[in-house]
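**Student:** According to the UniProt record's numbering, the sequence shown is numbered sequentially starting from 1.
Ideal placement from N, C-alpha and C gives every residue a C-beta, glycine not left out.
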Amino acid sequence: MIYRPPHRLKYAQSPLKLSRLTLVLTCSALCACGQGSSGQTSTDATQTSAVSAKAALGQMLFFDPNLSLTRNQSCSSCHDPDRAFTDSRTAAIESGVSIGDDGISLGNRNAPTLSYIGLTPEFAVDTDIDGNGEYGKYEEYGEYLGGFFHDGRAKTLQQQAGQPFLNPVEMAIPDKATLIARIIEQPRYAEAFQRAFQRYDFSDTEAVFSDVTESLVAFQQTELFQPFDAKYDRWLAGEDELTATEERGRVLFFTSSQTSCVNCHRMGEANNAHYETFTHYRYRNIGAPVNLELEQSTSEADPGIAAQPDLEYATAGAFKTPTLRNVAVTGPYLHNGALKTLEAVLELYNFRSWGNTSNPNHGINPETGLIWQTDSYADQLHGAELAMPELSSQDKQDLIAFLKTLTDRRYESLLNE
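1. Buried or exposed: where does Asp395 fall if 16 or more other Cβ atoms within 10 Å of its Cβ makes it buried?
2. Less than 9 Å between the beta carbons of Asp302 and Asn167, yes or no?
3. Does the distance from the CB of Asp101 to the CB of Val212 come in under 9 Å?
4. DSSP on Arg153, reduced to helix/strand/coil?
5. Where do the ends of the alpha helix (DSSP H) carrying Leu236 lie?
6. Quick check on Asp379: buried or exposed, where buried means 16 or more other Cβ atoms within 10 Å of its Cβ?
7. Residues in its own chain within less than 6 Å of Gln373 by CB, not counting five upstream and five downstream?
8. Take Glu343 and list the residues in its own chain whose beta-carbon comes closer than 8 Å to its own, dropping the five residues that flank it on each side.
9. Can you name the start and end residues of the alpha helix (DSSP H) that Ala190 belongs to?
10. Can at least three beta-carbon pairs, one atom from the segment 271 to 283 and one from the segment 114 to 123, be found at a separation below 8 Å?
11. Using the three-state DSSP reduction, which class does Val217 fall into: helix, strand or coil?
12. How big is the Cα-Cα spacing for Ser38 and Arg199?
13. Please state if the CB of Phe149 and the CB of Gln160 are separated by a distance shorter than 9 Å.
14. Where does Tyr144 fall in DSSP's three states?
15. Quickly, what does DSSP pair residue 419 with across the bridge? List them, please.
16. Determine, using beta-carbon pairs with one atom in the segment 83 to 94 and one in the segment 327 to 346, whether at least three such pairs fall under 8 Å.
17. Looking at the secondary structure, which residues open and close the alpha helix (DSSP H) in which Val262 lies?
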């Protein structure tokens with residue numbers, strides 16, 4: 001049986017390759033010609049050229065290991081474009097978190113995918129929770145949404161882009177001046193900055209640092225990061241078909257009376273929307289288990305967004321709901337990388353769902369064989385949004401089959417690993 005989408009949408013396939021040179025060559029061509037289509041004004045062409053040049057510079061910065069203290073770690077070390085911009089190194093997959101620039105230190109959070117990150121809204125307080133012009137359940141203070149990192153501590157993508165350089169574990173550069181010095185010592189950057197910002201005067205450290213982060217943002221907003229060419233997108237456009245298992249999973253996913261998926265993993269109210277990122281960008285405490293691979297598992301639980309002192313009403317243990325784009329190829333999962341498989345994640349939801357804890361199997365982490373660990377913020381669990389009927393083994397298989405259809409075309413080969 002062929003399962004067709006409820007409506008057809010024009011879909012343009014992405015010709016992008018994974019080669020690191022592709023974008024640079026494209027941007028260089030744009031910069032050289034200085035014009036777009038025949039109907040484009042010279043001003044528009046100049047703006048397009050500048051944006052492309054910034055993206056090309058951002059790409060150079062993204063892949064440059066010289067911008068870490070030991071010259072061994074770049075942005076791409078933890079955000080490998082060949083693995084949907086997550087950490088592909090064995091140590092990270094086994095521990096759930098990334099290794100620091102010194103090759104020894106470990107972070108305490110999982111490196112999130114950068115796929116579709118350019119579509120994340122800036123950190124804000126939404127007082128219209130229900131989207132209908134009326135105050136919702138957080139009527140006294142609104143609800144936090146958007147922002148960057150798992151805990152939203154960076155309001156904008158540009159703020160986020162600069163923090164890993166100066167993080168003492170991640171890239172360990174001691175200060176902005178040292179970072180700029182590393183850039184200046186490489187002659188190739190002078191021309192790249194000239195193209196992007198019409199200057200190569202590096203005397204103003206703050207200005208150059210701002211240009212660095214702006215360029216990284218431009219790179220992360222290119223189609224390389226957000227192609228929208230997964231099987232699900234092709235199905236929406238009428239260019240592909242879902243199998244019976246994938247279709248059952250799709251129906252389960254979008255049916256709120258059967259699962260709780262769309263409570264958090266849908267941008268708006270419409271199902272099967274094109275350009276869906278499968279997250280509402282809000283912060284939820286789902287009762288993530290302790291990552292037993294980390295030394296920090298014996299210390300205090302991670303407060304998540306509540307660690308920000310200026311957020312009076314933040315829920316302890318709540319983290320930003322991640323996109324489900326490429327989820328099938330971006331494990332380990334959860335903010336601390338505690339779970340390695342989607343099967344385990346769905347079993348966690350079975351356990352956390354109200355009314356289903358009587359099944360003894362739900363109380364066991366299938367990856368460890370141990371009882372699910374409860375952190376100290378279990379009393380602030382968003383239980384109502386997690387509530388759903390029990391998922392059967394078939395339900396879980398169907399949901400995972402659907403989640404695999406959210407994999408970008410260029411990563412589909414990873415589904416067979």
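**Tutor:** So, to answer that:
1. Asp395 comes out buried.
2. Their beta carbons are not under 9 Å apart, which means Asp302 does not touch Asn167 by this criterion.
3. No. Outside cutoff.
4. DSSP places Arg153 in coil when its eight states are reduced to three.
5. Residues 231 to 236.
6. Classification for Asp379: exposed.
7. Excluding residues within five positions, the ones whose Cβ falls inside 6 Å are Pro289, Val290.
8. Close CB contacts of Glu343 within its chain, under the 8 Å cut and outside five residues either way in sequence, are with Pro366, Lys396, Ile400 (chain order).
9. Under the DSSP assignment, Ala190 falls in the alpha helix (DSSP H) whose first and last residues are 188 to 197.
10. Contact between the segment 271 to 283 and the segment 114 to 123 is present, because at least three Cβ pairs lie under 8 Å.
11. Helix at Val217.
12. With a pLDDT of only 45 at Ser38, under the threshold of 50, the placement of this residue in the model should not be trusted, and no figure is reported.
13. In contact: Gln160 and Phe149 (Cβ atoms closer than 9 Å).
14. Three-state result, Tyr144: strand.
15. Because residue 419 is not part of the residues shown, which for the chain are 1 to 417, the question remains open.
16. In short, these stretches touch, since the Cβ pair count reaches three.
17. Element bounds for Val262: 261 to 264.
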